[in-house]
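Below is one structure, written out as C-alpha cells; comments come after it.
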Amino acid sequence: MKGPSPHVRLDANHNRKIVAVMANKAVVGEKVGMTQVWDDANRVVPVTVLHVAPMRVVQIKTIERDGYNALQVTFGEKKASKLNSPDRGHFEKAGVAAGKRVLELRLDNVDEFEVGQEIKVDTLAAGEFVDVTAVSKGKGFAGTMKRHNFSGQRASHGAHRVHRAPGSVGACATPARVFKGKKMAGRMGAEKVTTLNLRVVSADPEKNLLLVRGAVPGPKGGMVVIRDAVKIHSKGDA
C-alpha cells in the first residue's frame, strides 16, 4: 500500500522540501447513485449522491503512542449479541455504542477530537475539494482488449480465431520466460481506487447527504471514504 502523497513545501530558509501530507478531515459514506443539479448559472452539474451517516470516534491514535495519527471510527448500529468478546470489550472500554464496522482514518492532526465524539457530514462544506476512495466494480475475468485497451488483431487477411488474442508475450529461447508485469488477461476491477479533487456541491446534515461533482468509484451501496483533498487542482474547477 502506498503512503501519503508527497508535497513540496518551503522551509524556514525558503528551500524546497518534500513532505508527506495526510488529510485534515474525513468521513465515511455509502454511494447512493448519480444525478444532476443546476448551478447558479443554470448549468447542469453531474453529481454523485453519498449517504454519510454520523460516525463515532472509538479510539484516537497518536504519533507518540502509536507511531502515526489516526481516528478509529464506527458508524451505524449493531446488536451487542452479534459482537464477539474482543469487539464488545473494545466498544465498552470506549463507552461508544457498537457499530456495523470499525475503520481507521489517517489524519494530519487529531488534537481536536475526543473518544465518543460524533462526526457528521457538515464537517465538509460546499466548495471544498475532496478525494474519494472506494473499491471499484468487479468485472471478473477479462481479456486484454477490455482490461488493457488493446486494439486487437485484424478482422481478416489471415487472422483466424485470434481477433481478440493478445499476440506474442515474449521471445522463445532468450529470455525463455514471460517478464513480470506483462499485460495479459486476468481479473479486472475490485481494487482500491481514489478519485482526486472532486468539488463538494452540497452537504445536507438533516438528510445526511453529500453531493460531489463527478463520478465516484464503486457500485451503488458501496462504502466510500471521503477526505479533504491533499493535492488541490490548480486549473479552474474540478
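The sequence shown begins at 1 in the numbering used here and counts up one residue at a time.
From the three backbone atoms N, C-alpha and C, an ideal C-beta is built for every residue, glycine too.
Cβ distance (whole Å) where residue 75 is taken to contact residue 106 below 8 Å
About 17 Å; that fails the 8 Å criterion.
Taking a contact to mean a Cβ-Cβ separation below 9 Å, would you say residue 110 touches residue 71 in this structure?
Against a cut-off of 9 Å, the Cβ pair of residue 71 and residue 110 comes out as a contact.
Exposure label - residue 164; buried when at least 16 CB within 10 Å
Residue 164 should be labelled exposed.
Look at residue 290 and residue 30 and say whether their C-beta atoms are less than 9 Å apart.
Past the boundaries of the shown model lies residue 290; the chain is included only from 1 to 238, so the question cannot be answered.
Just how far apart, CA to CA, sit residue 213 and residue 44?
When rounded, the distance between both Cα atoms is 11 Å.
Close Cβ partners of residue 120 (< 6 Å) along its chain, the five nearest in sequence each way excluded:
Contacts found: 54, 205.
Delimiting residues of the alpha helix (DSSP H) encompassing residue 241:
It is not possible to answer for residue 241, since the shown part of the chain is limited to 1 through 238.
Span of the beta strand (DSSP E) around residue 148:
Residue range 144-148 is occupied by the alpha helix (DSSP H) that includes residue 148, with no beta strand (DSSP E) assigned at that position.
Ignoring anything shorter than 3 residues, give me the beta strand (DSSP E) runs that lie fully in the region 161-208, in order along the chain.
For secondary structure counted as the beta strand (DSSP E) over 3 or more consecutive residues, the region 161-208 holds these complete runs in sequence order: 186-189, 192-204.
First through last residue of the beta strand (DSSP E) which encompasses residue 51
Looking at the DSSP string, the run of the beta strand (DSSP E) that includes residue 51 is 44-51.
contact_flag[the region 189-205, the region 116-133] where n(CB pairs < 8 Å) is 3 or more
Touching, per the Cβ criterion.
DSSP has residue 22 in a bridge; who is on the other side?
Looking at the DSSP assignment, residue 22 forms no beta bridge with any residue, so it has no partner.
Excluding the 5 residues flanking residue 26 on each side, which residues of the same chain have their C-beta closer than 6 Å to its C-beta?
Cβ neighbours of residue 26 beyond the five flanking positions: 105, 227.
So, with DSSP's three-state summary, where would you put residue 131?
Strand.
Alpha carbon to alpha carbon, how far is residue 145 from residue 246? Give it in angstroms, no decimals.
Coverage of the chain is limited to positions 1 through 238, which leaves residue 246 absent and any answer about it impossible.
Secondary structure at residue 228, three-state DSSP: helix, strand or coil?
Residue state, collapsed to three classes: strand.
I'd like the ranges of any alpha helix (DSSP H) spanning at least 4 consecutive residues and lying wholly in the region 46-125.
The qualifying runs are 63-66, 85-94.
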